[in-house]
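Counting from 1, position 97 in the sequence shown corresponds to residue 97 in full-length UniProt numbering; the numbering is continuous, with no gaps. Ideal placement from N, C-alpha and C gives every residue a C-beta, glycine not left out. Note that the coordinates shown come from a computational prediction; the quantities given were computed from them, not determined experimentally. Data block below; observations after.
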Amino acid sequence: MTKPSDLLGAATAADYAGALHAVVDDVAARVATARQPFCGASRRELQALVDAVDLDGPPVGTPDALAETADLYASHAVWFHHPAYAAHLNCPVVVPAVGAEAMLAAVNTSVDTYDQSTVATLMEQRLVEWTARRIGFAAGDGVFTSGGTQSNLQALHLAREAALTAPDGGRLGGADRRERLGRLRVLATTAGHFSVARSALLLGLDDDAVVPVATDAAGRLDPGALARALVDVERAGDVVMAVVVTAGTTDRGCIDPVAPVADLCDAVGTWLHVDAAYGGGLLVSPRRRHLLDGIERARSVTVDFHKTFFQPVSSSALMVREPADLARATWRADYLNPAEEAGEPNPDLNLVDKSLQTTRRFDALKLWATLRAVGADGIGGMVDAVCDLAAAVHADLTSDPELRLLATTDLSTVLFRYQPDGVDDAQADALVPRVRRVLFDSGRALVAKTVIDGRPCLKLTLLNPDTTLDDVRAVLDLVRATAHGLLAGEELLADDAPPCRGTHPRLPARTPLSEVAR
1 MTKPSDLLGA
11 ATAADYAGAL
21 HAVVDDVAAR
31 VATARQPFCG
41 ASRRELQALV
51 DAVDLDGPPV
61 GTPDALAETA
71 DLYASHAVWF
81 HHPAYAAHLN
91 CPVVVPAVGA
101 EAMLAAVNTS
111 VDTYDQSTVA
121 TLMEQRLVEW
131 TARRIGFAAG
141 DGVFTSGGTQ
151 SNLQALHLAR
161 EAALTAPDGG
171 RLGGADRRER
181 LGRLRVLATT
191 AGHFSVARSA
201 LLLGLDDDAV
211 VPVATDAAGR
221 LDPGALARAL
231 VDVERAGDVV
241 MAVVVTAGTT
251 DRGCIDPVAP
261 VADLCDAVGT
271 WLHVDAAYGG
281 GLLVSPRRRH
291 LLDGIERARS
301 VTVDFHKTFF
311 QPVSSSALMV
321 REPADLARAT
331 WRADYLNPAE
341 EAGEPNPDLN
351 LVDKSLQTTR
361 RFDALKLWAT
371 LRAVGADGIG
381 GMVDAVCDLA
391 AAVHADLTSD
401 PELRLLATTD
411 LSTVLFRYQP
421 DGVDDAQADA
431 LVPRVRRVLF
441 DSGRALVAKT
451 VIDGRPCLKL
461 TLLNPDTTLD
471 DVRAVLDLVR
481 ATAHGLLAGE
491 ELLADDAPPC
501 RGTHPRLPAR
511 TPLSEVAR
């Protein structure tokens, strides 16, 4: 007797539909009933659950395997849609994008060459053109990527190749290339994303190739400091490969002054890259688009759709003002994307020609469905909503006697520290990681911690348009209650038993795992 196939095909289409319906029903029930963003299970508990699964054991079949997987994964996941989740740049996702995710996973298109993707290639290219117009590029181009880190890496790769162009327009080679490579410099603030420095190392630049540029008191790049840095690099006999500005820093959520920086870059002929991974959603904002003024003058731009376009991970794009720049990354393979076919230029639109990836998911489908279902203005309204919420929280904290607001924001972050009168700096600094840990281990609220002006602080990253001011106030009440308890001498438990394992004196009782899971 022939064993039934486990592959999705004509004979198993009904099995696929049943399995998917079961998964959708299960996840929908969990989303609807999640009482807190995390169940609060310890790492030791979770590791035991993971280790208990025999991956080499006899197969249990699709329905049982998916049910078991849901009990392990979904029961203990961190829920970004929950209003008490405010830690990192993770967003709740729009429903049409989730539907498109299921579609693209089943079809399993790879958009590297046209003969594997056909209409998918054309749809992605249309979205690239749409994004270019939103940026203000008259004839720009781009490609979808796995995230802002890859987009930034590719942008700096293109900038490096531009800086290593020979006088005849070809690529420098040999000793000339090595000598010039050692003199290339990237100018950026330390508030920019760490992927800039990591990309420089991956691209073979020197350890000191990223030159820090000073910021103003608000954390934005100081154009005057950049002007001086450009002069200093030239005087040292080095070459500015690129200037990187950030439209939405990870901590402060501030936007560097793009237009003045573009003036300086144009004056010296330097590549300007704008990392708008966080702030890219402002491209469709009805009320805040002006914050990106000057972005159209950049040579390249990073946009993360899986942040402020509310898309499932992953969905990002690298955009360039000059389409020819993408050709600097093109690599040919006879079996895949030859330059010629039957003695003529290859007529196919092969997106692998402008991507660092070969096999690549059709992540653009999610944005396509979102624009058709929600519309650009709808997305922009959600971006404005989270920015408005952050502004309201800032107003709340301005006169708060216990929580000290530390910085303003252009987007949706809140930086603060618990430090009422009578709590010195050392105490306040020590509270930051402990408060965050207590809240995380309780599962009741997830907040982040970072360092601002040399001191630790707590951070809220507000990316949920459905979160209300009262929701955020409830999280801040938990912060206060936890700090009160810690200052009163309520010690954290031993390392092998995380805090809030039972009822923390200053927090409501921990919800049982069985109740959180469903």
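> According to DSSP, which residues form a beta bridge with Thr398?
Replying inline: Working through the sequence shown from its first residue, we reach residue 398 at position 398. DSSP lists no partner for Thr398.
>> Can you give me the C-alpha to C-alpha distance between Glu179 and Asp410, rounded to a whole angstrom?
In response: Here residue 179 is taken as the residue at index 179 of the sequence shown, counted from 1. Here residue 410 is taken as the residue at index 410 of the sequence shown, counted from 1. Rounded to the nearest angstrom, the gap between the Cα atoms of Glu179 and Asp410 is 41 Å.
>> Taking 7 Å as the limit between beta carbons, can you name the residues of its chain near Phe374, skipping five residues before and five after?
In response: Reading the sequence shown from its first residue, position 374 is the one you call residue 374. As written in the sequence, residue 374 is Val, which differs from the Phe given in the question. The residues are Val94, Pro96.
> Just how far apart, CA to CA, sit Val211 and Val268?
Replying inline: Looking up residue 211 in the sequence shown gives position 211. Looking up residue 268 in the sequence shown gives position 268. Each residue's Cα considered, the two are about 17 Å apart.
> Which whole-angstrom value describes the C-beta separation of Gln150 and Ser316, a residue pair presumed to lie in contact below a C-beta threshold of 8 Å?
Replying inline: Along the sequence shown, one-based indexing puts residue 150 at 150. Along the sequence shown, one-based indexing puts residue 316 at 316. Confirmed, Cβ separation roughly 7 Å.
> Going along the chain, which residues of its own chain have a beta-carbon closer than 7 Å to the beta-carbon of Val111, five neighbours each way excluded?
Replying inline: Numbered from its first residue, the sequence shown carries residue 111 at position 111. Excluding sequence neighbours, Val111 sits near Ser117, Ala120, Thr121, Glu124, Leu351, Arg360, Phe362.
> Relative to the alpha-carbon of Leu283, which residue among Trp130, Leu397, Pro37 has its alpha-carbon at the smallest distance?
Replying inline: For the purposes of this step, residue 283 is identified with residue 283 of the sequence shown, where counting begins at 1. For Leu283, the nearest C-alpha among the options comes from Trp130.
> Quick one, are the C-beta atoms of Leu486 and Arg434 less than 8 Å apart?
Replying inline: Start at 1 with the first residue of the sequence shown, and residue 486 comes out as number 486. Start at 1 with the first residue of the sequence shown, and residue 434 comes out as number 434. At a Cβ-Cβ threshold of 8 Å, Leu486 and Arg434 count as neighbours.
> For Arg235, does the count of other Cβ atoms within 10 angstroms reach 16, so buried, or fall short, so exposed?
Replying inline: Taking the sequence shown and counting its residues from 1, the one referred to as residue 235 is at position 235. Label assigned to Arg235: exposed.
>> Using only the alpha-carbon positions, how far apart do Thr113 and Leu349 sit?
In response: In the sequence shown, counting from the first residue as 1, residue 113 sits at position 113. In the sequence shown, counting from the first residue as 1, residue 349 sits at position 349. Distance between the alpha carbons of Thr113 and Leu349: 7 Å.
> Whole-angstrom Cβ separation of Lys354 and Thr330, contact assumed at under 8 Å?
Replying inline: Taking the first residue of the sequence shown as position 1, residue 354 is located at position 354. Taking the first residue of the sequence shown as position 1, residue 330 is located at position 330. Contact holds; Cβ gap of about 7 Å.
> For Phe310, is the classification buried or exposed, using 16 other Cβ atoms within 10 angstroms of its Cβ as the cut-off for buried?
Replying inline: The count along the sequence shown starts at 1 and reaches residue 310 at position 310. Phe310 comes out buried.
> Between the C-alpha atoms of Asp168 and Ala155, what's the straight-line distance to the nearest angstrom?
Replying inline: Against the sequence shown, residue 168 aligns to sequence position 168. Against the sequence shown, residue 155 aligns to sequence position 155. Roughly 23 Å separates the two Cα atoms.
> Roughly how many angstroms lie between the CA atoms of Ile379 and Asp275, to the nearest whole one?
Replying inline: Indexing the sequence shown from 1 puts residue 379 at position 379. Indexing the sequence shown from 1 puts residue 275 at position 275. Cα to Cα, the separation comes out at about 20 Å.
> Is it buried or exposed for Gly9, if we count other Cβ within 10 angstroms and need 16 for buried?
Replying inline: In the sequence shown, counting from the first residue as 1, residue 9 sits at position 9. With fewer than 16 other Cβ atoms inside 10 Å of its own Cβ, Gly9 counts as exposed.
>> What would DSSP say about Leu445, mapped onto helix, strand or coil?
In response: In the sequence shown, the residue the question calls residue 445 occupies position 445. Rather than Leu, the amino acid found at residue 445 in this sequence is Ala. Secondary structure at Ala445: coil, using DSSP grouped into helix, strand and coil.
> Looking at C-alpha atoms only, which residue of Leu460, Ser442, Ala102 is the closest neighbour of Thr482?
Replying inline: The count along the sequence shown starts at 1 and reaches residue 482 at position 482. With distances taken between Cα atoms, Thr482 lies closest to Ser442.
> So what does DSSP say about Gly253, is it helix, strand or coil?
Replying inline: The residue given as residue 253 occupies position 253 in the sequence shown. The answer is coil: DSSP assigns Gly253 none of H, G, I, E or B.
>> My assumption, with CB atoms under 8 Å, is that Arg321 sits in contact with Phe137. Please give the rounded CB distance.
In response: Mapped onto the sequence shown, residue 321 falls at position 321. Mapped onto the sequence shown, residue 137 falls at position 137. About 5 Å; that satisfies the 8 Å criterion.
>> Can you tell me where the beta strand (DSSP E) holding Pro456 begins and where it ends?
In response: Position 456 of the sequence shown, counting from 1, holds the residue named residue 456. Residues 455-461.
> So His273 is in the alpha helix (DSSP H); what residue range does that whole segment cover?
Replying inline: Here residue 273 corresponds to residue number 273 of the sequence shown, with the count starting at 1. Taken as a continuous stretch (DSSP letters only), His273 belongs to no alpha helix (DSSP H), being part of the beta strand (DSSP E) at 271-276.
> If you follow the beta strand (DSSP E) that Ser5 is part of, which residue opens it and which one closes it?
Replying inline: One-based indexing of the sequence shown puts residue 5 at position 5. Element bounds for Ser5: n/a, residue is neither H nor E.
>> Is it buried or exposed, Leu292, if we count other Cβ atoms within 10 angstroms and call 16 or more buried?
In response: Residue numbering aside, residue 292 sits at position 292 when the sequence shown is read from its first letter. With at least 16 other beta carbons inside 10 angstroms of its own, Leu292 counts as buried.
>> With DSSP as the reference, identify every bridge partner of Tyr85, one or two as the case may be.
In response: On the sequence shown, residue 85 is found 85 positions in, with the first residue counted as 1. Per DSSP, Leu446.
> Taking the alpha-carbon positions, what's the Asp396 to Arg404 distance?
Replying inline: As a working note, residue 396 is residue 396 in the sequence shown. As a working note, residue 404 is residue 404 in the sequence shown. Rounded to the nearest angstrom, the two C-alpha atoms are 11 Å apart.
>> Within a Cβ cutoff of 6 Å, which residues of the same chain sit near Thr270, ignoring the five residues on either side of it in sequence?
In response: Counting from 1 along the sequence shown, the entry for residue 270 is found at position 270. Closer than 6 Å at Cβ, skipping near neighbours: Val240, Val243.
>> According to DSSP, is Gly18 part of a helix, a strand, or is it coil?
In response: Stepping through the sequence shown from its first residue, residue 18 is reached at position 18. Gly18 falls in the helix class under three-state DSSP.
>> Quick check for students: name the residue ranges of the alpha helix (DSSP H) that lie wholly in the stretch 364-410, counting only runs of 4 or more.
In response: 364-373, 376-398
> What are the uninterrupted segments assigned as beta strand (DSSP E) that are 3 or more residues long and contained completely in the stretch 274-340, given in chain order?
Replying inline: 300-304, 316-320
> Looking only at its own chain, which residues have a Cβ that is under 6 Å from the Cβ of Asp246, when we skip the five neighbours before and after it?
Replying inline: Locating residue 246 in the sequence shown gives position 246, counting from the first residue. The displayed chain sequence assigns Thr, not Asp, to residue 246. So the qualifying residues of the chain are Gly192, Asp256, Asp275.
>> Let's see if you can read the secondary structure: which residues bound the beta strand (DSSP E) around Ala242?
In response: Residue numbering aside, residue 242 sits at position 242 when the sequence shown is read from its first letter. Segment 239-246, the beta strand (DSSP E) holding Ala242.
> Exposed or buried, which one is Ser5 when buried takes at least 16 other CB atoms within 10 Å?
Replying inline: What you label residue 5 is simply residue 5 of the sequence shown in a count that begins at 1. Classification of Ser5: exposed, given that the 10 Å Cβ count is below 16.
> What is the rounded straight-line gap between the Cα of Leu172 and the Cα of His82?
Replying inline: Along the sequence shown, read from residue 1 onward, the residue named residue 172 stands at position 172. Along the sequence shown, read from residue 1 onward, the residue named residue 82 stands at position 82. Distance between the alpha carbons of Leu172 and His82 is about 53 Å.
> What do you get for Gly280, buried or exposed, if any count of 16 or more other CB atoms within 10 angstroms of its CB means buried?
Replying inline: Taking the sequence shown and counting its residues from 1, the one referred to as residue 280 is at position 280. Result: buried.
> How about Arg328 and Glu68: are their beta carbons less than 8 Å apart?
Replying inline: Your numbering for residue 328 matches position 328 in the sequence shown. Your numbering for residue 68 matches position 68 in the sequence shown. No, they are not a contact pair.
> Taking C-alpha atoms, which residue in Ala277, Phe440, Arg417 lies nearest to Ala430?
Replying inline: Working through the sequence shown from its first residue, we reach residue 430 at position 430. The candidate whose alpha carbon is nearest that of Ala430 is Arg417.
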